[in-house]
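Engineer: Let me begin by handing over the structure; questions about it come next.
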Amino acid sequence: ATTFLENSSYHLATNHHGKLDVPYGKYIRALRCVGCSNVEFKGGSFPHEKWLRVLELTESSVLKLPDYILQLKHLGYLKISKFTGLVTLPESVGHLKNLFHIDLSGCSRLAALPESFGDLVNLTHVNLSRCHGLTELPQPLQKLGKLVHLDLSFWSCFEGIGERLGGLTNLEHLNLSHPCCHLVQHRSDLQGLKDGLCKLTKLRYLNLSACLNPIFNYPQSQEDSLKFLGECVSGLSSLEHLDLSHHTFLFGLPASLGELSRLHTLDLSGCIRIRKVGETKCLKIIIDPSKCRGLESCQFVVRVDEAAYRSTSNLAQLEVVDCKELGISCLERLQCLEEAQRIRLVQKQKVERLKLCWTVGEARGSTKVDENALLGELVPPHSLRCLEICGYGGETCLPAWRIRCNLREVTMEDFPRCVALPPLGLFPNLQRLVLRRMARITTIDAGALSGGNIEAFTRVSKFTIDDMVNLKEFKFAAVDELAIQKCPLLSFGSLPPRAHRLLISDSDQVMSSSVRAIDGVEGPSSPVTELVVETCNLPLGNDFHYVPSFL
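Here the sequence shown stands for residues 1 to 551, numbered as in UniProt numbering.
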């Protein structure tokens with residue numbers, strides 16, 4: 001069938017056989033011939049070769065490239081795809097000087113590229129996907145100084161690939177994916193890949209899906225595998241998208257990955273043995289993490305797609321994530337409460353450690369979602385043991401959570417506006433508590449924090465108060481270990497806390513308000529058995545007749 005669009009310069013031919021009669025009255029600029037085996041042009045030449053800019057020929061069984069193509073001096077885009085009988089290209093292909101895009105994908109018997117291929121100096125895009133007959137990366141590619149896009153997916157020409165790739169220094173897009181690549185004989189050739197990739201400093205997109213399985217799948221320590229992967233990506237300072245999917249024996253990610261500051265997309269689909277995804281400097285996205293069945297730790301950074309019709313965040317990707325450790329940062333970027341509702345955090349019964357973070361400082365920007373309401377939607381699961389909340393910007397922190405009976409540790413830090421702490425006493429199994437950098441908190445009172453629970457804080461073994469610059473009063477029940485750091489205004493008053501181990505650092509007022517004569521009033525019924533004092537100005541001087549009243 002042939003189709004012409006009236007008053008158009010586009011022509012489509014599908015499943016056509018024999019002579020193709022292109023009307024001479026039309027100035028054809030784009031021609032597509034799909035499934036046209038043994039197609040020929042009427043008269044043996046192509047009319048209007050002066051006008052044609054785009055030519056696509058696919059699914060043909062011809063053994064030789066038609067001669068008429070070499071007459072198309074102004075051709076810019078050429079697709080010769082799935083020519084299953086094509087073995088070579090003629091030397092005269094180098095005459096197509098205006099060609100900037102050539103697609104030879106699926107030409108499975110193509111054994112070599114002619115030397116004249118290197119004369120196509122305007123080529124920016126080359127697609128050699130599924131060209132299984134090529135045994136090595138063609139040397140003529142080295143002459144293509146403008147080449148920015150190279151697709152080598154589903155092929156087997158690994159010999160010398162590292163050295164030759166390293167010469168293509170202007171590459172921005174490279175696809176080396178090979179889901180069928182797993183044979184041990186490919187391993188030695190792939191080992192050299194790191195020497196070439198690290199030189200591609202302009203690379204923005206790199207697809208290594210399943211490509212490195214011959215290296216990871218065969219006996220080798222996890223450390224060596226991570227070192228190799230780190231060497232492959234260490235110099236890619238411009239990288240924005242990295243596809244590492246379907247590496248079934250990849251157990252972790254190299255630390256150097258965190259230094260790729262422009263990286264915004266990381267694909268780990270099918271990496272079933274990945275256990276930990278650490279936070280990087282980039283805005284990270286994990287694609288289809290449901291297939292990462294071994295994932296134990298995930299540090300997720302919220303980002304917003306401003307280019308979308310309706311601005312939305314990527315938080316919905318956590319809907320399928322359920323791992324032991326989960327961290328979510330940049331929560332101020334959420335666009336609505338519904339985004340938090342969608343991930344159904346309360347149902348993630350594998351989560352034992354949870355960290356919820358808002359950005360601290362000037363980089364934070366404005367928020368669209370009330371932070372206390374957001375916490376109310378991020379109800380932690382019953383399995384949670386450790387909770388950390390950072391950068392919360394509300395005045396009160398009273399999320400509408402039910403009692404989480406298994407919670408053992410709570411850390412709350414960088415709450416610059418908070419004036420009221422949540423009723424932490426409602427967590428009956430709480431053992432460790434950390435409060436840090438809460439500039440507007442002046443009093444910590446166990447009674448006020450109990451939430452009406454008469455057994456509140458009976459199991460707390462360690463309480464840390466750090467960098468609370470305006471804290472003045474501390475009224476709390478007995479605790480095994482109490483650490484007070486950088487609390488310049490805090491004093492214990494007449495009722496010092498009962499603690500077996502007491503650490504005081506950079507808190508002069510605690511010491512100066514708590515000294516007494518050795519033969520003075522009685523101390524607490526359960527005295528401190530170990531006292532550690534660091535960088536405090538003691539009022540004792542060289543006179544040791546005074547000791548703190550809590551001893």
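All residues carry an ideal CB built from backbone N, CA and C; glycine is no exception. These numbers were taken from a predicted model, which means no experiment stands behind them.
Tell me the DSSP bridge mates of residue 478?
Structural biologist: In DSSP, residue 478 forms no bridge with anything.
Engineer: Helix, strand or coil for residue 256, going by three-state DSSP, please let me know.
Structural biologist: helix
Engineer: Going by DSSP, what residues sit across from residue 352 in a beta bridge?
Structural biologist: According to DSSP, residue 352 bridges with nothing at all.
Engineer: Find the nearest neighbour of residue 62 within the set 70, 443, 115, 82, judged by alpha-carbon distance.
Structural biologist: Residue 62 has its Cα closest to that of 82, out of 70, 443, 115, 82.
Engineer: Are the beta-carbon atoms of residue 270 and residue 254 separated by less than 8 angstroms?
Structural biologist: no
Engineer: Could you tell me which of 477, 334, 487 sits nearest to residue 302, measuring between CA atoms?
Structural biologist: 334
Engineer: Output needed for residue 472: all residues of its chain with C-beta closer than 8 angstroms, excluding positions within five of it in sequence on either side, in chain order.
Structural biologist: Here the set comprises 442, 443, 489, 490, 491.
Engineer: To which residues of the same chain is residue 434 closer than 6 angstroms at the C-beta, ignoring the five residues directly before and after it?
Structural biologist: Hits under 6 angstroms: 411, 464.
Engineer: Straight-line CA distance for residue 112 to residue 247?
Structural biologist: 30 angstroms
Engineer: Out of curiosity, what's the CA-to-CA distance linking residue 212 and residue 256?
Structural biologist: 18 angstroms
Engineer: Expressed to the nearest angstrom, what Euclidean distance is found between the alpha-carbon atoms of residue 311 and residue 369?
Structural biologist: 14 angstroms
Engineer: What is the residue span of the alpha helix (DSSP H) that residue 191 lies within?
Structural biologist: 187-191
Engineer: Give me the DSSP bridge partner(s) of residue 379.
Structural biologist: According to DSSP, residue 379 bridges with nothing at all.
Engineer: What is the DSSP secondary structure of residue 533, reduced to helix, strand or coil?
Structural biologist: strand
Engineer: Are residue 192 and residue 223 closer than 8 angstroms when you measure CB to CB?
Structural biologist: no
Engineer: Given residue 520, which residues of its chain have a CB within under 6 angstroms of its CB, disregarding the five upstream and five downstream residues?
Structural biologist: Note that residue 520 has pLDDT 40, beneath the 50 cutoff, so the model's placement of it is unreliable and the number below is only indicative. Within the same chain, residue 520 has no close Cβ partners at all.
Engineer: Helix, strand or coil: how does DSSP classify residue 62 here?
Structural biologist: coil
Engineer: Please determine, among 218, 165, 207, 206, the residue with the shortest C-alpha to C-alpha distance to residue 188.
Structural biologist: 218
Engineer: Comparing alpha-carbon positions, which option in 214, 190, 169, 207 lies nearest residue 200?
Structural biologist: 169
Engineer: Taking Cβ to Cβ, would you say residue 456 is nearer than 8 angstroms to residue 482?
Structural biologist: no
Engineer: Just to confirm, are residue 426 and residue 447 a CB contact at a threshold of 8 angstroms?
Structural biologist: The answer is no: Cβ separation not under 8 angstroms.
Engineer: Given this structure, state the Cα-to-Cα distance separating residue 118 from residue 53, to the nearest angstrom.
Structural biologist: 20 angstroms
Engineer: If you reduce the DSSP assignment to three classes, tell me which class residue 484 lands in.
Structural biologist: Reduced to three states, the DSSP call for residue 484 is strand.
Engineer: Looking at the strands, I want to know which residues DSSP matches up with residue 299.
Structural biologist: 327
Engineer: When you compare only the Cα positions, how much space is there between residue 79 and residue 342?
Structural biologist: 44 angstroms
Engineer: Take residue 237 and list the residues in its own chain whose beta-carbon comes closer than 8 angstroms to its own, dropping the five residues that flank it on each side.
Structural biologist: 201, 260, 261, 262
Engineer: Among 296, 159, 152, whose alpha-carbon lies nearest the alpha-carbon of residue 171?
Structural biologist: Distance check between residue 171 and each of 296, 159, 152 places 152 closest, using alpha-carbon atoms only.
Engineer: Select from 314, 424, 89 the residue whose C-alpha is nearest the C-alpha of residue 138.
Structural biologist: 89
Engineer: Kindly indicate which residue of 154, 325, 186, 196 has the alpha-carbon position closest to the one of residue 176.
Structural biologist: 154
Engineer: Rounded to whole angstroms, what is the Cα-Cα separation between residue 528 and residue 462?
Structural biologist: Straight-line Cα distance between these residues: approximately 14 angstroms.
Engineer: So what does DSSP say about residue 113, is it helix, strand or coil?
Structural biologist: coil
Engineer: Can you tell me the Cα-Cα spacing of residue 110 and residue 206, whole angstroms?
Structural biologist: 25 angstroms
Engineer: Quick check on the burial criterion: 16 or more other C-beta atoms within 10 angstroms. Buried or exposed for residue 418?
Structural biologist: buried
Engineer: Tell me which residue opens and which closes the beta strand (DSSP E) that residue 79 is part of.
Structural biologist: 77-83
Engineer: Using beta-carbon positions only, say whether residue 534 and residue 501 come within less than 8 angstroms of one another.
Structural biologist: Not closer than 8 angstroms, so no.
Engineer: Would you call the CB atoms of residue 512 and residue 485 closer than 8 angstroms?
Structural biologist: Their beta carbons are not under 8 angstroms apart, which means residue 512 does not touch residue 485 by this criterion.
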